[in-house]
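Top to bottom, those sequences are chains A and B.
Residue 312 in our numbering sits at position 26 of the first sequence; the count goes up by one each step and never skips.
Residue 175 in our numbering sits at position 151 of the second sequence; the count goes up by one each step and never skips.
Just so it is clear, CB atoms sit at the ideal spot from N, CA and C, and this is done for glycine as well.
Structure record follows, encoded as structure tokens.
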Amino acid sequence: MSANVSNRHEESAVYVYQIPLRLWHWINALAVVVLVVTGYLIASPLSSVPGEASENFLMGYIRFTHFTAGYVLAIGFLFRIYWSIVGNALSREIFLPPVHRLDWWKGVLHEIRWYLFLTREPKTYLGHNPLATIAMHVMFVWGTVFMIVTGFALYGEGTGMGSWQYELFSAWVIPLFGQSQDVHTWHHLVMWYLVIFVIAHVYVAVREDIMSNQSVLSAMITGWRTFRKPGNPGAD
Amino acid sequence: MTETFYEVMRRQGISRRSFLKFCSLTAAALGLGPQFAGKIAHAMETKPRIPVLWLHGLECTCCSESFIRSAHPLAKDVILSMVSLDYDDTIMAASGHQAEAIVDEIVEKYKGNYLVAVEGNPPLNEDGMYCIIGGKPFVEQLRYATEHCKAIISWGSCASYGCVQAARPNPTRATPVHKVITGKPIIKVPGCPPIAEVMTAVITYLLTFEQIPELDRQGRPKMFYSQRIHDKCYRRPHFDAGQFVESWDDEGARKGYCLYKMGCKGPTTYNACSTIRWNEGTSFPIQAGHGCIGCSEDGFWDKGSWYARLTDIKQFGVEANADRIGGGLAAVVGSAVAVHAAVSAVKHKEHQEEKKGDE
Ligand code: HEM
Ligand code: HEM
Ligand code: SF4
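What follows is the structure, given as structure tokens:
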């Protein structure tokens, strides 16, 4: 199955995103938003709360929420890898961008021109547009792997030597970065890397939904990609 | 041939009673059960004494200063008397050529069966001329003394990581011991200085068991460096509650709130200060109202302010923390998106109208 569809397509709607993938997308999106907010508050906590220490657990709850969302993100990501094996061909795109295909690279070029307003007519794709695929691979996939690895390394410091988090992650990640403080710094920096992805991603999703000839937002909700001018490739 | 530890101690005027007390104190300090006191005593009575060469490179002697303030005077006296028998620039009686001759003697006589404790580190620039011992660069003495040793103890952050003399830009190229000497077991006991009880316990363990204590991946004895200050900090309930000192002298400071926002490095520092404490268990920095500065961690001088939670990042040619770099970039991308959205809206409208016109 080809992820690229030429401008001259017959069908008006194709089922592209299967239910598990859509569920994963929204759960994952929620987890990331929660992680960014709580992570930021871990580094720059809110103003002190009054009263006795024993009556309050604000920082504790914020950290607990962060770790819970961290587990959701990590387990979801493992599931997403599994799904890329058993799911439809499009489910592999973000892990293995089809870099060996020339027409895919032409698509990348076209998308760059499209976002620079150098082309007036959008192309349509069954899967993600090629530029989006690159961003999803380079920024989302690897950014998330990085956050999971460093996140669990930090988490293992709390659970302590002997815990699986420590032995599996902290034991090698912390010496690799130098010391714990450096792991914090990188975990924090890459948060912004993901934030940048999300800003661009959400913007582009909305923009394409309005300006391209295919459905984008609803595709991630219903799973169906609809094409605006069935049988009519547009004004080119 | 050589004397046992016990014989040395007796010769130093230590009574049998004190000796046994020392054994049980040591067992306790090492976190071993009381039955180990007997084992330690037995080892010390039967094993020939292992000589220790205590070398000093670029450093401030704070490790020695800490060591001689050990909470168990007995432990200190015993170890010190054993160590000073051999070589330690700052506390031995001998001096000059006589002192340097001791190193030769020990290296020759005890080949493969003596310990080298290093305080400070060798500077490597200018062939090591920034630290001269007995007319020769320290790095030469270090290489010579460690060539046939059994194991090396890297005292303090200097020997373990480089510490202040290795801080950027490190003009003398001060280099931690493990980067100069390879192929020997090295026990790192970081801290600026390390805690006295930790030092005496580590050296006693080595001398009595003739075996290296269990180390973590970075070469630190697990029994003292497996937890962060933050894990056992008595202010931790305030951290979890979300009660922080927001500025020096505020109400929170008076109430003993958590020092996280004042840049406390307890959450990233592995050491035993919050459990063993300092000066015979009297206090430690956080108890005195100041955040931990992370002195037992690699490169703690180069991580920016001690009073800021977020580390300064210098790799990108700018000095800023993660929020300023990452947040700045995110703001740029956000503005770019806003502009792009505006242009897109205009173009889209034009396009729609054109199409309408066509129809
Ligand atoms: C309100 C917020 C969001 C909206 C409206 C949204 C919308 C979408 C849409 C419409 C797609 C399909 C794009 C296409 O058909 O080419 C998509 C895919 C994707 N989104 Fe989001 N998204 C949101 C938040 C996020 C967040 C927070 C993340 C994670 C950082 C994320 C990660 C992804 C990934 C990785 C894909 C690729 C899915 C795959 O192939 O597995 N999204 N998103
Ligand atoms: C999108 C993913 C994530 C984001 C954006 C994120 C963000 C952050 C941020 C900004 C911090 C503060 C760092 C600092 O000290 O400057 C932090 C700390 C931390 N994060 Fe994450 N994180 C993510 C994923 C994870 C995961 C998967 C885990 C694993 C369970 C995790 C565990 C932790 C831990 C243990 C800390 C340290 C908490 C403390 O020092 O009290 N994070 N995170
Ligand atoms: S004072 Fe420092 S070590 Fe203690 S709880 Fe607060 S941050 Fe942690």
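Under 8 Å by Cβ, that's how I've got residue i and residue j pegged, so tell me the actual separation to the nearest angstrom.
i	j	result
Gly158 (chain B)	Glu129 (chain B)	The Cβ separation is near 14 Å, so there is no contact.
Ser90 (chain B)	Met223 (chain B)	7 Å
Gly186 (chain B)	Val213 (chain B)	The pair is not a contact, with the Cβ atoms about 15 Å apart (cut-off 8 Å).
Pro461 (chain A)	Gln242 (chain B)	6 Å
Ile380 (chain A)	Val427 (chain A)	6 Å
If you measure from the CB of residue i, is any heavy atom of ligand 2 nearer than 7 Å?
i	result
Ala360 (chain A)	yes
Ile434 (chain A)	yes
Pro331 (chain A)	no
Pro291 (chain B)	yes
Met477 (chain A)	yes
Phe343 (chain A)	no
Gly326 (chain A)	Before going further, note that residue 326 (chain A) is Tyr rather than Gly in the sequence given. Correct: Tyr326 (chain A) has its Cβ closer than 7 Å to ligand 2.
Val322 (chain A)	yes
His487 (chain A)	no
Val222 (chain B)	no
Among residues of its own chain, excluding the 5 on either side of residue i, which ones have a beta-carbon nearer than 8 Å to its beta-carbon?
i	result
Ala369 (chain B)	none
Ser307 (chain B)	Arg301
Glu343 (chain B)	Gly328, Asp336, Ile337
Ala421 (chain A)	Phe483, Ala486, His487
Which residues mark the beginning and the end of the alpha helix (DSSP H) in which residue i is found?
i	result
His423 (chain A)	Premise fails: His423 (chain A) is in no alpha helix (DSSP H) and is neither H nor E.
His414 (chain A)	His414 (chain A) -> no alpha helix (DSSP H), and no H or E assigned at all.
Thr26 (chain B)	No alpha helix (DSSP H) contains Thr26 (chain B), which DSSP labels as neither H nor E.
Thr508 (chain A)	505 to 508
Gly325 (chain A)	305 to 329
Ala53 (chain B)	40 to 53
Val131 (chain B)	120 to 133
Just curious, the beta strand (DSSP E) that residue i is in, first and last residue?
i	result
His300 (chain A)	It is Val, not His, that sits at residue 300 (chain A) in the sequence shown. 299 to 301 is the span of the beta strand (DSSP E), which, as asked, contains Val300 (chain A).
Val213 (chain B)	210 to 213
Ile349 (chain A)	Per the sequence shown, the amino acid found at residue 349 (chain A) is Arg instead of Ile. Counting along the chain, Arg349 (chain A) falls outside any beta strand (DSSP E), though it belongs to the alpha helix (DSSP H) covering 344 to 372.
Ala141 (chain B)	139 to 143
Ile398 (chain A)	Per DSSP, Ile398 (chain A) belongs to no beta strand (DSSP E); it is in the alpha helix (DSSP H), 388 to 401.
His80 (chain B)	76 to 80
Ile177 (chain B)	175 to 179
Let me know if residue i comes out buried or exposed under the rule of 16 or more other beta-carbons within 10 Å of its beta-carbon.
i	result
Gln500 (chain A)	buried
Trp400 (chain A)	buried
Val367 (chain B)	exposed
Pro516 (chain A)	Legend: pLDDT at Pro516 (chain A) = 43, less than 50; position of this residue unreliable, no value from coordinates given.
Glu397 (chain A)	buried
Pro217 (chain B)	buried
Asn149 (chain B)	exposed
Ile156 (chain B)	exposed
Asn303 (chain B)	exposed
Gly57 (chain B)	exposed
Arg35 (chain B)	exposed
Pro209 (chain B)	exposed
Val318 (chain A)	buried
His386 (chain A)	exposed
Ala360 (chain B)	exposed
Gly266 (chain B)	buried
Tyr347 (chain A)	exposed
What residues in its chain sit with their C-beta under 6 Å from that of residue i, if we drop five residues either side in the sequence?
i	result
Ile205 (chain B)	Thr170
Trp325 (chain B)	Val188, Ala191
Ala61 (chain B)	Cys47, Ser48, Ala51
Cys282 (chain B)	Arg259, His262, Phe263, Phe268
Ser456 (chain A)	Ala439, Gly442, Glu443
Gly290 (chain B)	Ile253, His254, Cys257, Cys316
Trp330 (chain B)	Gly287, Ile317
Val140 (chain B)	Leu77, Ala169, Thr170, Cys173, Ile176
Among residues of its own chain, excluding the 5 on either side of residue i, which ones have a beta-carbon nearer than 7 Å to its beta-carbon?
i	result
Pro331 (chain A)	Met345
His375 (chain B)	none
Gly325 (chain A)	His352, Met477
Just to check, is the beta-carbon of residue i closer than 7 Å to a non-hydrogen atom of ligand 3?
i	result
Ile205 (chain B)	no
Cys319 (chain B)	no
Gly276 (chain B)	no
Ile348 (chain A)	no
Cys282 (chain B)	yes
Phe91 (chain B)	no
Arg260 (chain B)	yes
What do you reckon, is the C-beta of residue i under 7 Å from a heavy atom of ligand 5?
i	result
Ala198 (chain B)	Among the ligands in the structure shown, ligand 5 does not appear; only ligand 1, ligand 2 and ligand 3 can be found there.
Ligand 1 and residue i: does the residue's C-beta get closer than 7 Å to at least one heavy atom of that ligand?
i	result
Glu379 (chain A)	yes
Leu239 (chain B)	no
Asn314 (chain A)	yes
Leu480 (chain A)	yes
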